[in-house]
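My numbering numbers the first residue of the sequence shown as 40 and each following residue consecutively.
Down below is the structure, laid out as structure tokens.
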Amino acid sequence: MDLIKLKYFISAAEVLNFSKAAEACNITQTAIGKYINKLENEIGCTLFYRTNKGVSLTEAGEKFYVGVKEISEQYENLLKQIVSGKNEFLRIGIAGDYLPVNFLSKYISMNQDASLEVEFEDKDQLIGMLDRGVIDAMVIPDIVLRNENITGIETLEVGVAHDILCCSQEVLNKYGSVGKVVENLPLITKSGEDEYHEYCRENLKSIYNSTFSDVRVVDTIANQSTLIALGQGFSIVPKEEMTVTKGIYIDNLGERFAETLLLVYMSKNKNRLLHNLLQFVDMSNRDGESLFG
């Protein structure tokens with residue numbers, strides 16, 4: 040017995056009209072008639088009286104209807120329980136250098152049925168992935184997205200991250216000032232975005248009256264930290280994400296390096312988990328709760 044096709048019998052039993060039942064089930068009247076005939080042969084009794092005036096349930100048909108209606112409802116409920124019990128994946132792309140994204144772990148901890156998948160790519164690749172629905176949203180600093188005009192993109196502010204400059208104490212002693220460190224060493228960063236590099240140049244010039252010419256892009260935070268410790272350059276990172284390490288000098292950069300972190304998404308691809316994440320961020324902002332703490 041095909042549980043899926045039992046809905047044909049149930050529909051016919053409820054409307055007592057094969058034509059209307061066939062229309063409701065999106066099949067032909069001939070098809071629903073053949074199915075019911077096959078069903079009657081399978082269980083060995085007549086389910087419908089057929090007359091020129093229409094159809095009606097036999098006593099066996101009424102009993103069968105009550106039983107299979109309950110079975111059908113139990114089957115549908117079981118499917119819903121199985122689907123709701125599955126872990127769903129929230130797919131997030133991250134573009135930028137040292138972004139404070141612990142708000143994502145807060146969200147996942149509050150939604151035990153959700154799992155997080157993360158993609159690390161540059162801005163242009165992530166925008167393409169967002170448009171194709173490969174990722175649900177991306178996290179990116181506003182400075183990197185500032186000059187973009189992309190149809191269908193929507194943004195939600197996650198919060199403001201205040202950056203600090205990090206270099207080794209050894210190179211600071213060698214050059215005598217942070218300004219001289221900036222002037223003589225490269226920026227070590229995980230971001231390959233030219234907009235971000237220029238943003239750093241302009242603002243460092245305003246703060247220290249000097250800036251850098253070279254940029255060294257690395258793949259991982261571990262590589263970035265190692266090169267800083269070895270005196271190979273300096274980095275700019277959110278203070279919320281920096282772990283104080285012996286031998287590393289930190290300089291606060293003030294409001295010029297206050298980056299607004301954006302959650303970027305497309306409404307056409309918004310699913311349940313993304314909708315809930317947007318609500319979580321929006322409510323935290325309304326309540327004045329920092330998502331970076």
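C-beta: ideal position from N, C-alpha, C; glycine also.
(request) Express the C-alpha separation of residue 66 and residue 104 in angstroms, rounding to a whole number. (result) Along the sequence shown, one-based indexing puts residue 104 at 65. Along the sequence shown, one-based indexing puts residue 66 at 27. Those two C-alpha atoms are separated by around 20 angstroms.
(message) Counting beta carbon pairs with one atom in the region 266 to 274 and one in the region 226 to 233, are three or more of them shorter than 8 angstroms?
(response) yes
(message) Can you find the residues in the same chain that come closer than 6 angstroms, C-beta to C-beta, to residue 201, ignoring five residues on each side of it along the sequence?
(response) Taking the sequence shown and counting its residues from 1, one reaches residue 201 at position 162. The residues are 278 and 297.
(message) My assumption, with CB atoms under 8 angstroms, is that residue 304 sits in contact with residue 176. Please give the rounded CB distance.
(response) Position 265 of the sequence shown, counted from the start, is the residue given in the question as residue 304. Position 137 of the sequence shown, counted from the start, is the residue given in the question as residue 176. Correct: roughly 4 angstroms between the Cβ atoms.
(message) Can you look up residue 248 in the DSSP assignment and give me helix, strand or coil?
(response) Walking along the sequence shown from the start, residue 248 turns up at place 209. Reduced to three states, the DSSP call for residue 248 is coil.
(message) Cutting at 8 angstroms between CB atoms, please list the residues of its own chain near residue 220, excluding the five before and the five after it.
(response) The count along the sequence shown starts at 1 and reaches residue 220 at position 181. Correct list, in chain order: 206, 210, 211, 214 and 273.
(message) For residue 81, tell me which candidate among 113, 45, 93 and 320 has the shortest Cα-Cα distance.
(response) Counting from 1 along the sequence shown, the entry for residue 81 is found at position 42. Answer by Cα proximity: 45.
(message) Is it buried or exposed, residue 117, if we count other Cβ atoms within 10 angstroms and call 16 or more buried?
(response) The residue given as residue 117 occupies position 78 in the sequence shown. Exposed.
(message) Using a Cβ-Cβ cutoff of less than 6 angstroms, which residues in the same chain neighbour residue 308 once the five nearest sequence positions on both sides are dropped?
(response) On the sequence shown, residue 308 is found 269 positions in, with the first residue counted as 1. Closer than 6 angstroms at Cβ, skipping near neighbours: 172.
(message) What does the alpha-carbon distance come out to for the pair residue 102 and residue 48?
(response) Along the sequence shown, one-based indexing puts residue 102 at 63. Along the sequence shown, one-based indexing puts residue 48 at 9. Roughly 13 angstroms between the two C-alpha positions.
(request) Throw me the rounded Cβ distance for the residue 57 and residue 94 pair, which I believe falls under 8 angstroms. (result) Taking the first residue of the sequence shown as 1, we reach residue 57 at position 18. Taking the first residue of the sequence shown as 1, we reach residue 94 at position 55. Right, their Cβ atoms sit about 7 angstroms apart.
(message) Restricting to Cα atoms, I'd like to know which of 241, 257 and 314 is closest to residue 292.
(response) Numbered from its first residue, the sequence shown carries residue 292 at position 253. Of the candidates 241, 257 and 314, the one whose C-alpha sits nearest the C-alpha of residue 292 is 241.
(message) As an exercise, report each continuous alpha helix (DSSP H) stretch of at least 4 residues that is fully enclosed by the region 286 to 331, in chain order.
(response) 311 to 325
(message) Please identify the residue among 89, 90 and 100 whose C-alpha is closest to the C-alpha of residue 78.
(response) Counted from its first residue, the sequence shown places residue 78 at position 39. Nearest option by C-alpha distance: 100.
(request) Please report how far the alpha carbon of residue 166 lies from the alpha carbon of residue 150, in whole angstroms. (result) Your numbering for residue 166 matches position 127 in the sequence shown. Your numbering for residue 150 matches position 111 in the sequence shown. One C-alpha to the other measures close to 26 angstroms.
(message) Considering Cα atoms alone, identify which of 324, 312, 158 and 203 is closest to residue 196.
(response) Within the sequence shown, the letter at position 157 stands for residue 196. Out of 324, 312, 158 and 203, 324 has the C-alpha closest to the C-alpha of residue 196.
(request) Would you check if the distance between the CB atom of residue 133 and the CB atom of residue 156 is smaller than 9 angstroms? (result) What you label residue 133 is simply residue 94 of the sequence shown in a count that begins at 1. What you label residue 156 is simply residue 117 of the sequence shown in a count that begins at 1. No; because the gap between Cβ atoms is not below 9 angstroms, this pair is not in contact.
(request) With DSSP collapsed to three states, give me the class of residue 190. (result) Here residue 190 refers to the residue found at position 151 of the sequence shown. Residue 190: coil per DSSP, three-state reduction.
(request) List the DSSP bridge partners of residue 201. (result) Taking the first residue of the sequence shown as 1, we reach residue 201 at position 162. DSSP, once it has assigned bridges, lists 297 as partnering residue 201.
(request) Counting only the same chain and skipping the five closest in sequence on each side, list residues whose C-beta sits under 7 angstroms from that of residue 411. (result) One cannot answer for residue 411 here, as it falls past the ends of the chain, which runs 40 to 332.
(message) Judging by CA-CA distance, which residue of 231, 127, 113 and 178 is the nearest neighbour of residue 141?
(response) Working through the sequence shown from its first residue, we reach residue 141 at position 102. Among 231, 127, 113 and 178, the Cα nearest to that of residue 141 is on 178.
(message) Per the DSSP calculation, residue 178 is bridged to which residue(s)?
(response) Residue 178 sits at position 139 when you count from the first residue of the sequence shown. DSSP output for residue 178 lists 133 and 302 as bridge partner(s).
(request) Please go through the region 214 to 264 and give each complete alpha helix (DSSP H) segment of 4 or more residues, from N-terminal end onward. (result) 217 to 223 and 233 to 247
(request) Output yes if chain C places a C-beta closer than 9 angstroms to the C-beta of residue 157; else output no. (result) Of the protein chains in the structure, only one exists, and it is not chain C.
(request) Pick out whichever of 302, 192, 301 and 208 has its Cα sitting closest to the Cα of residue 170. (result) Taking the sequence shown and counting its residues from 1, one reaches residue 170 at position 131. Among 302, 192, 301 and 208, the Cα nearest to that of residue 170 belongs to 192.
(request) Helix, strand or coil for residue 140, going by three-state DSSP, please let me know. (result) Translated into the one-based positions of the sequence shown, residue 140 becomes position 101. DSSP places residue 140 in coil when its eight states are reduced to three.
(request) Look at the alpha carbon of residue 260 and the alpha carbon of residue 190, and state the distance between them as a whole number of angstroms. (result) Position 221 of the sequence shown, counted from the start, is the residue given in the question as residue 260. Position 151 of the sequence shown, counted from the start, is the residue given in the question as residue 190. Their backbone Cα atoms lie some 32 angstroms apart in a straight line.
(message) Excluding the 5 residues flanking residue 287 on each side, which residues of the same chain have their C-beta closer than 8 angstroms to its C-beta?
(response) Numbered from 1 along the sequence shown, position 248 holds the residue referred to as residue 287. So the list reads 205, 206, 207, 208, 267 and 268, once near-sequence residues are dropped.
(request) Could you spell out the range, first to last residue, of the alpha helix (DSSP H) harbouring residue 165? (result) Taking the first residue of the sequence shown as 1, we reach residue 165 at position 126. Note, residue 165: alpha helix (DSSP H), 162 to 171.
(request) Give the DSSP-derived three-state secondary structure of residue 270 in the structure shown. (result) Here the question's residue 270 lines up with position 231 in the sequence shown. Reduced to three states, the DSSP call for residue 270 is coil.
(request) Using DSSP bridges, identify the partner residues of residue 159. (result) On the sequence shown, position 120 is the one that residue 159 refers to. DSSP lists 133 as partners of residue 159.
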